[in-house]
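Q:
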Amino acid sequence: RFKNLVFEVLDMDGHRIDKLLLKVEE
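In terms of our numbering, the sequence shown opens at residue 257 and continues consecutively.
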C-alpha cells in the first residue's frame, strides 16, 4: 500500500514556493 505525503517547501522568508508529493510504502 502506498500513502501520499504532501510537503510544503518554504523559502528563507517562510513563503510557500512549491509542494512536494511523495508516495511512501506502508
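Idealized CB from N, CA, C, for every residue including glycine.
1) So, helix, strand or coil for residue 282, using DSSP?
2) Output the distance between the C-alpha atoms of residue 278 and residue 261, rounded to the nearest integer angstrom.
3) Rounded to a whole number of angstroms, what is the C-alpha to C-alpha distance between residue 274 and residue 268?
4) So what does residue 272 bridge to, in DSSP terms?
A: Straight from the coordinates:
1) coil
2) 5 Å
3) Looking at the two C-alpha atoms, the distance is approximately 13 Å.
4) Under DSSP, the beta-bridge partners assigned to residue 272 are 266.
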